[in-house]
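Asks: In this note's numbering, the protein residues as written are 6 to 416.
For each residue, glycine too, the CB sits at the ideal point set by N, CA and C.
Please read all numbers here as calculations on a predicted model, not as lab measurements.
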């Protein structure tokens, strides 16, 4: 995927303040040393099998397949990782790297909270101090994950600047790192940011696609025809797609947050819309949602983990080369996909993952029964209970919340 170190086509690079260059260079050196050590990957896969339930299952969705009457649908169950998302793959890998580097503190940024919970878990497992930056808006809509981060021993900093979402949390984490790099490692959560982060996160997340390939050959004796993954920063998508990049017969589909519709302007679609432009921010070059003066626009999505202004330089390049097709699913389609998946399969996808389900459900009925689809369920949906209950208008849930709140007021 890389044409020169840190670049993917014309995207990527490392555009950072002088003060951080030496730290990034040392991180690159330590990462490449670990990557070239066969014992490191063995240690990583051993840890993931004993601590995080890997390999995660590849589930045949028999009821949904029958319901749509077209393609055979498989679901890769990253929600069954410890902490409930693919985020565990990356943070545990970086945790092993932190051990090799001898640092004692980690910081992270998070939108949906899944990366924050995973990082706090890793820090507890390895005995590291942990600070997690999170936009104030995301703190409010992902309160259960904030609760778990704090119980795991992390300090959660609510960022009140800008749109008070993921991009602002990322800026604040960068400021912290600039002042603490001697003792602190920045556990960047997705395949974005300055080199070597995109390459490093992709390396750890590639375990998803490697497993799918092996599992599909065992189950069906051949590769899938199409793979679908949601795209915020892009870590779960890169993770499942990477193993199939050279298998040109396998179509790869990334699905972004269409929010209230691409025409509304209230979305977070960088590659499926025409609203994004190439720019440099947060240390790397890619497509960003920005205005004519280069100022970052506010993004919108029902899924906190997808409303990021940029996108992985790896995915930007693969869009340019035509290897991956990008689409958008609206909030309404996503809520309907969650409802249908629960009713038909007893599986609760995260709102982020449900974008991939929604687009796959559009196509499944139109495809032949010989077609095999794989949907990457990147996270568990129970974290989204407040948002989903509001969207479904569940009266009993509202009654429960009101009664619970009144109980707190009486104490």
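Kindly list the residues whose CB is nearer than 8 Å to the CB of residue 282, restricted to its own chain and excluding five residues on each side of it in sequence; keep chain order.
Replies: Taken in chain order, the residues that qualify are 292, 293 and 295.
Asks: Determine the burial state of residue 252: buried for a count of at least 16 other Cβ atoms within 10 Å of its Cβ, exposed for fewer.
Replies: Exposed, by the Cβ-count rule.
Asks: Could you say if the segment 217 to 224 and the segment 66 to 76 meet the contact criterion of at least three C-beta pairs nearer than 8 Å?
Replies: No, they do not touch.
Asks: Please identify the residue among 93, 325, 317 and 320 whose C-alpha is closest to the C-alpha of residue 213.
Replies: Selected option, being the one with the closest Cα: 93.
Asks: When you compare only the Cα positions, how much space is there between residue 190 and residue 167?
Replies: About 25 Å.
Asks: Considering Cα atoms alone, identify which of 135, 36, 17 and 95 is closest to residue 52.
Replies: Selected option, being the one with the closest Cα: 95.
Asks: Just tell me which of 28, 413, 345 and 375 has its CA closest to the CA of residue 183.
Replies: Closest option to residue 183, Cα to Cα, is 28.
Asks: Please go through the same chain and pick out, in chain order, the residues whose beta-carbon is closer than 8 Å to the beta-carbon of residue 265, but skip the five residues on each side of it.
Replies: So the list reads 271, 272, 305, 335 and 336, once near-sequence residues are dropped.
Asks: Contact defined as beta carbons within less than 8 Å: I believe residue 100 pairs with residue 130. What is the distance between those atoms, to the nearest angstrom?
Replies: So it is a contact: roughly 7 Å between Cβ atoms.
Asks: Between which two residues does the beta strand (DSSP E) carrying residue 332 extend?
Replies: Element bounds for residue 332: 329 to 335.
Asks: Mapping DSSP to helix, strand and coil, what is residue 150?
Replies: Note: residue 150 maps to helix in three-state DSSP.
Asks: Helix, strand or coil, according to DSSP, for residue 386 in the structure here?
Replies: DSSP places residue 386 in coil when its eight states are reduced to three.
Asks: What is the DSSP secondary structure of residue 291, counted as helix, strand or coil?
Replies: Correct three-state label for residue 291: strand.
Asks: Quick check: the Cα distance between residue 81 and residue 232, rounded to an integer number of angstroms?
Replies: C-alpha separation (whole angstroms): 10 Å.
Asks: Taking the alpha helix (DSSP H) that residue 323 falls in, what are its first and last residues?
Replies: 318 to 325 is the extent of the alpha helix (DSSP H) around residue 323.
Asks: So, do the segment 298 to 316 and the segment 238 to 246 have three or more beta carbon pairs nearer to each other than 8 Å?
Replies: Output reads yes: the segment 238 to 246 touches the segment 298 to 316.
Asks: Measure the alpha-carbon distance for residue 110 versus residue 50 and round it to whole angstroms.
Replies: Rounded to whole angstroms, residue 110 to residue 50 spans 23 Å at the Cα level.
Asks: Taking the C-alpha atoms as reference points, what is the distance between residue 353 and residue 327?
Replies: Cα to Cα, residue 353 sits roughly 32 Å from residue 327.
Asks: Taking Cβ positions, are residue 255 and residue 317 nearer each other than 8 Å?
Replies: The answer is no: Cβ separation not under 8 Å.
Asks: Within a Cβ cutoff of 6 Å, which residues of the same chain sit near residue 246, ignoring the five residues on either side of it in sequence?
Replies: Hits under 6 Å: 257.
Asks: First and last residue of the beta strand (DSSP E) that includes residue 63?
Replies: Note, residue 63: beta strand (DSSP E), 63 to 65.
Asks: Any contact between the segment 341 to 353 and the segment 33 to 44? By contact I mean 3 or more CB pairs, one from each, below 8 Å.
Replies: Contact between the segment 341 to 353 and the segment 33 to 44 is absent, because fewer than three Cβ pairs lie under 8 Å.
Asks: Quick one: measure Cβ to Cβ for residue 359 and residue 277, integer angstroms, because I've assumed they're closer than 8 Å.
Replies: Wrong, their Cβ atoms sit about 16 Å apart, outside the cutoff.
Asks: Taking only runs that begin and end inside the segment 13 to 52, name each unbroken alpha helix (DSSP H) of 4 or more residues, in chain order.
Replies: Here the runs fully enclosed are 23 to 40.
Asks: Under a Cβ-count criterion, where at least 16 other Cβ atoms within 10 Å of its own Cβ denotes burial, should residue 34 be classed as buried or exposed?
Replies: By the 10 Å Cβ count, residue 34 comes out exposed.
Asks: Quick check on this structure: which residue in 115, 289, 79 and 413 has the alpha carbon closest to the alpha carbon of residue 12?
Replies: Out of 115, 289, 79 and 413, 289 has the C-alpha closest to the C-alpha of residue 12.
Asks: Could you check where the beta strand (DSSP E) with residue 269 kicks off and where it finishes?
Replies: No beta strand (DSSP E) contains residue 269, which DSSP labels as neither H nor E.
Asks: According to DSSP, simplified to helix, strand and coil, what is residue 227?
Replies: Coil.
Asks: Need the endpoints of the beta strand (DSSP E) that residue 78 sits in, please.
Replies: Where residue 78 is concerned, the enclosing beta strand (DSSP E) stretches over 77 to 82.
Asks: Could I get the ranges of all uninterrupted alpha helix (DSSP H) runs contained in the segment 118 to 196, with 4 residues as the minimum, in chain order?
Replies: Segments of the alpha helix (DSSP H) lying fully in the segment 118 to 196: 119 to 131, 141 to 146, 148 to 156 and 171 to 185.
Asks: With a 10 Å radius around its C-beta and 16 neighbouring C-beta atoms as the bar for buried, classify residue 227 as buried or exposed.
Replies: Looking at its Cβ environment, which holds fewer than 16 other Cβ atoms inside 10 Å, residue 227 is exposed.
Asks: Could you tell me the alpha carbon to alpha carbon distance between residue 139 and residue 145, rounded to whole angstroms?
Replies: Cα to Cα, the separation comes out at about 10 Å.
Asks: What would DSSP say about residue 201, mapped onto helix, strand or coil?
Replies: The answer is coil: DSSP assigns residue 201 none of H, G, I, E or B.
Asks: What is the residue span of the beta strand (DSSP E) that residue 111 lies within?
Replies: Note, residue 111: beta strand (DSSP E), 110 to 115.
Asks: Considering only the beta carbon of each residue, do residue 164 and residue 174 sit closer than 8 Å?
Replies: Yes, Cβ-Cβ distance for residue 164 and residue 174 is below 8 Å.
Asks: Residue 283 lies in the beta strand (DSSP E); which residues open and close that run?
Replies: It spans 281 to 286 - the beta strand (DSSP E) in which residue 283 sits, taken as one unbroken run.
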